[in-house]
Amino acid sequence: GDNGHVTVGMDELGLDSLGEMAYLTLPNVGSPVEMGKAMGSMEAAKMTGEIYAPISGMVVEKNDAVLQNPLLVNEAPYDNGWLVKIEPINWDEESATLVSGDALPEWMDAEIERFESQGISG
32 GDNGHVTVGM DELGLDSLGE MAYLTLPNVG SPVEMGKAMG SMEAAKMTGE
82 IYAPISGMVV EKNDAVLQNP LLVNEAPYDN GWLVKIEPIN WDEESATLVS
132 GDALPEWMDA EIERFESQGI SG
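By the count of the working numbering, the sequence shown reaches residue 153 at its end, each step adding exactly one.
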């Protein structure tokens, strides 16, 4: 079943250190991504860098709007400025790392949405 998706985006505070977003590349829908590995790249006013997958899985959606208008990331990182949505494949093992945020650069943000915590005590 659909356990939920992880929405990957930029962290609002981290965006201060990046400056205005100028260019983005994102993985295609259906692409497999691996936790901690690059899945795209970004060029911003103050730095360029790779975009890392916060969790292993399959890309189920990508936000074409930010490819056409990267400034959406600065304007609304949690609203219209999200990057991709990933369906996790190794959730039980990787979710603890994702939640602690250790796998991501400080300017990235992963939001877990609609995840049913079946079998996860807490």
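No residue lacks a Cβ here, since even glycine has one placed at the ideal position from N, Cα and C.
Bear in mind that the values here come from a model prediction, so they are computed numbers and not experimental data.
- Within 10 angstroms of the beta-carbon of glutamate 125 lie 16 or more other beta-carbons, which makes it buried.
- Nearest C-alpha to glutamate 65 among Ala76, Lys93 and Ile82: Ile82.
- Counting every other CB atom within 10 Å of its CB across the protein chains shown gives aspartate 42 a total of 16 or more, marking it as buried.
- For threonine 79, the number of other beta carbons within 10 angstroms of its own is below 16, and it is reported as exposed.
- In this structure, the beta-carbon distance from valine 104 to leucine 55 falls below 9 Å.
- Between lysine 93 and the set Leu102, Ala107 and Leu114, the nearest pair of CA atoms involves Leu114.
- Fully contained in the stretch 66-144 are the following beta strand (DSSP E) runs of length 3 or more, in chain order: 69-75, 79-83, 88-93, 115-119 and 139-144.
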